[in-house]
Amino acid sequence: MSLPLPAWARGESLTHAKQGFGEVSGEKIALSVGDHHFAVGGRKGHAIAVNGSVPGPLVRLKEGQNVRIDVTNNLDEDTSIHWHGLLLPFQFDGVPGVSFPGIKPGETFTYEFPIRQNGTYWWHSHSGLQEQAGHYGPLIIESAEPDPRYDRDYVVLLSEFTPRHPHEIARLLKVGEHYFNNQMQTATEGDMPVSERLMWGGMRMNPRDISDVTGSTYTFLMNGHGPMDGLEYLFAPGEKVRLRVINGSAMTFFNVRIPGVPMTVIAADGMEVAPVEVDEFQIATAETYDVIVAPPAGSHALVAEAMDRSGMGVASLTSHKGHRATPPPQREPVTLTMADMGMGSMAGMDHGGMDHGAMGHGEMDHSMRDTSKLPADVKVGPGLDMVSPMPMDRMDYPGLGLDNVDHRVLRYTDLKAKRMNPHRMPTRQMEIHLTGNMERYMWSFDGKKFSAVTDDPIRFAYDERVRVKLVNDTMMAHPIHLHGHFFELVNGAGMMNQPLKHTVIVQPGSTATFDVTANEPGDWAFHCHLLYHMHAGMMQTVTVRPFPAAGEGA
Ligand SMILES: [Cu+2]
């Protein structure tokens with residue numbers, strides 16, 4: 009039996025999705041999800057649009073209000089919307105199979121919840137690979153009090169468009185993880201010493217293996233616009249401008265900068281931090297940063313360069329309408345280092361300067377497959393092709409390719425919560441391994457692929473405070489996202505000023521640790537936010553029980 013083809017695949021004409029978004033607000037909001045056609049940067053194809061645009065509309069809310077959002081599914085398949093970073097009853101968190109059954113074709117699902125926070129967030133489908141096709145949009149919650157720190161307020165939503173169907177990308181990644189990587193070094197190229205090339209070759213890995221999906225199929229977008237579209241952010245000289253930078257991409261880490269214009273970071277993942285001035289920052293999929301800039305008169309390029317340097321999103325921050333800033337040239341591709349292989353403390357971690365005196369490549373290869381030190385609950389099997397022998401905390405690492413630039417780059421260790429957190433010591437410690445097999449494109453937590461039916465959830469007691477150490481046994485950076493909660497990065501800021509986040513990058517071969525108070529009862533998704541990693545199984549359910557009795561609460 010063959011499944012009926014969706015309308016867009018039957019060749020029925022689809023309306024063109026609008027590039028960029030309108031705005032919806034108030035106590036009653038209606039969103040409709042439909043198949044469309046989309047074109048940008050010389051690439052065109054099928055897209056899933058919400059209210060007819062890619063990205064979908066900006067949902068603008070106010071702290072303290074209630075909201076009712078009707079989501080109507082006009083697709084031929086199930087859909088959903090997850091409100092990314094919002095504190096809400098878990099039944100409205102929007103993850104099919106975890107928090108609700110999903111929205112069937114032709115149906116309308118009503119989300120209804122109070123708005124308990126403010127800041128910069130976003131929303132997206134949590135069904136299949138729909139997010140890659142355009143099913144996402146920004147979500148801004150204004151604070152209850154007016155904010156005098158800036159004169160203008162803009163959203164900078166970063167994403168990608170591909171003319172390929174997301175399921176085709178998933179299939180190609182399974183066939184060969186290097187499919188989209190055009191920047192692979194061959195054994196004869198580059199200035200890498202022979203011993204080092206042998207080592208990488210021996211591990212069947214490649215130091216240029218930064219991103220799974222690249223600019224070879226992606227056009228990088230800012231608010232739905234390609235780099236040639238001339239997107240403008242206008243300002244008057246002397247004004248302070250708040251930029252709400254959201255990484256709503258499926259797979260891309262971006263390095264964000266405005267050459268010549270310093271940026272003061274005031275919030276991370278929607279939560280306020282003590283202001284810190286930088287010239288560039290890396291933002292992973294699912295993270296948000298709010299910055300304030302005071303640009304001098306003129307036109308400045310706002311650049312979001314893909315971490316693997318296979319392309320960039322570009323806009324002009326300008327005081328002259330119609331003037332386009334010249335973006336800086338794309339920088340040279342970067343390569344992985346010893347630290348990215350979990351060789352943390354072992355010798356010259358500087359770029360290209362690996363010291364092989366201590367260990368031959370055969371020996372190194374062996375130690376990267378030594379599973380004897382893994383905790384007992386990590387499943388050893390084909391889903392795990394590497395173990396980090398000496399994983400180190402790299403909270404002070406600015407991100408791949410940014411450790412060697414001659415300007416100030418944000419590090420997680422720069423983030424300090426603006427308001428003090430209540431001081432509570434964790435009563436339990438957990439270690440979770442991020443595991444994978446790059447060749448087979450298998451991704452998991454603790455070697456166990458997610459399946460909502462059979463898996464044993466991660467259990468937190470209601471109001472329990474837990475210290476969670478994530479150990480990355482792979483050579484890719486994973487942005488790990490917990491639904492329904494904010495955790496505190498253990499970044500040296502001191503117990504009461506650890507920054508609150510909903511997503512943390514765990515660098516390749518490294519660890520990252522957070523403290524979480526499990527005060528939001530229910531079932532919550534916990535996963536890598538790289539879409540094809542989550543889809544391949546790097547996901548778990550976090551269960552917070554029991555539900556507090558009426559009147560009790562956080
Ligand atoms: Cu991942």
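Per the numbering used here, residue 9 is the first one in the sequence shown, and the count goes up by one each step.
Yeah, the Cβ is synthetic: ideal placement off N, Cα and C, and Gly gets one too.
Counting along the chain, the unbroken alpha helix (DSSP H) around His543 starts and ends at Leu539 to Ala544. Going by DSSP, Val479 is part of the beta strand (DSSP E) stretching over Arg473 to Asn480. About 5 angstroms separates the beta carbons of Pro335 and Val322, which is inside the 8 angstroms limit, making them a contact pair. Around ligand 1, the residues selected by a Cβ distance under 6 angstroms to any of its heavy atoms are Trp451, His486, Cys536, Leu538, His541 and Met546, following chain order. Assignment of Leu251 by DSSP, reduced to helix, strand and coil, places it in the strand class. For the 9 angstroms CB-CB criterion, Leu166 and Gln125 do not form a contact. Residue pairing by DSSP puts Pro146 in a beta bridge opposite Trp130. In the DSSP assignment, Pro487 falls within the beta strand (DSSP E) that extends over His486 to Leu490. Excluding the 5 residues flanking it on each side, Trp131 has same chain C-beta neighbours closer than 7 angstroms at Val67, Ile89, His90, Trp91, His92, Tyr144, Gly145 and Leu147, in chain order.
At the C-beta level, Asp287 and His415 come within 9 angstroms of one another. Met438 and Val386 do not touch by the CB rule: their CB atoms are close to 12 angstroms apart, not below 8 angstroms. Annotated three-state conformation of Asp84 is coil, per DSSP. Put simply, the backbone Cα of Pro97 is about 46 angstroms away from that of Gly306. In the assembly as shown, Lys456 is a buried residue. Its beta-carbon has 16 or more other beta-carbons within 10 Å.
Straight across, the Cα-Cα distance linking Pro430 with Ser133 is about 34 angstroms.
Lys424 carries a coil assignment under DSSP once its states are collapsed to helix, strand and coil. Sixteen is the threshold: since fewer than 16 other Cβ atoms of the shown chains lie within 10 Å of the Cβ of Asp155, the residue is exposed.
Boundaries of the beta strand (DSSP E) harbouring Ala55: Arg51 to Val58, taken from the DSSP string. As DSSP reads the structure, Thr511 sits in a beta bridge with His489. Sequence-distant partners of Met450 (beyond 5 residues in either direction) whose C-beta falls short of 8 angstroms from its own C-beta, in its chain, are Pro390, Gly391, Gly444, Lys457, Ala544 and Gly545. Measuring C-alpha to C-alpha distances from Phe117 to each of Asp101, Glu139 and Asp471 identifies Asp101 as the nearest. The C-beta distance from Lys248 to Tyr158 rounds to 4 angstroms, short enough to meet the 8 angstroms contact threshold.
Counting along the chain, Arg179 sits inside the alpha helix (DSSP H) bounded by residues Pro174 to Val183. With contacts defined by Cβ atoms closer than 9 angstroms, Gly350 and Asp217 do not form a contacting pair.
Within its own chain, the residues whose Cβ lies closer than 6 angstroms to the Cβ of Gln73, once the five positions on either side in sequence are excluded, are Ile123, listed in chain order. Taking the C-beta atoms as reference points, Val269 is found nearer than 9 angstroms to Val301. Scanning its chain for C-beta atoms nearer than 7 angstroms, with the 5 sequence neighbours on each side dropped, one finds around Lys426 the residues Glu280, Val281 and Ala282, in chain order. Among the bridge pairs identified by DSSP, Ala469 is matched with Arg553. The beta carbon of Ser459 lies closer than 6 angstroms to none in the same chain, with the five residues before and after it left out. By the neighbour-count criterion, in which a residue is buried when 16 or more other Cβ atoms sit within 10 angstroms of its Cβ, Glu168 is buried.
If you check the CB distance, Val311 and Val273 do not come in under 9 angstroms.
With a cutoff of 9 angstroms on beta-carbon distance, Thr227 and Gly49 are scored as near each other.
The region 550-557 makes contact with the region 525-537, as at least three CB pairs between them are under 8 angstroms. Counting only residues of its own chain and dropping the five nearest sequence neighbours on each side, Thr128 has a CB closer than 7 angstroms to the CB of Ile148, Arg252, Ile254, Ala275, Gly278, Thr296 and Asp298.
Here His328 has Ser307 as same chain residues with Cβ atoms under 7 angstroms from its own Cβ, once five neighbours each way along the sequence are excluded.
Around the beta carbon of Met236, fewer than 16 other beta carbons sit within 10 angstroms, so the residue counts as exposed.
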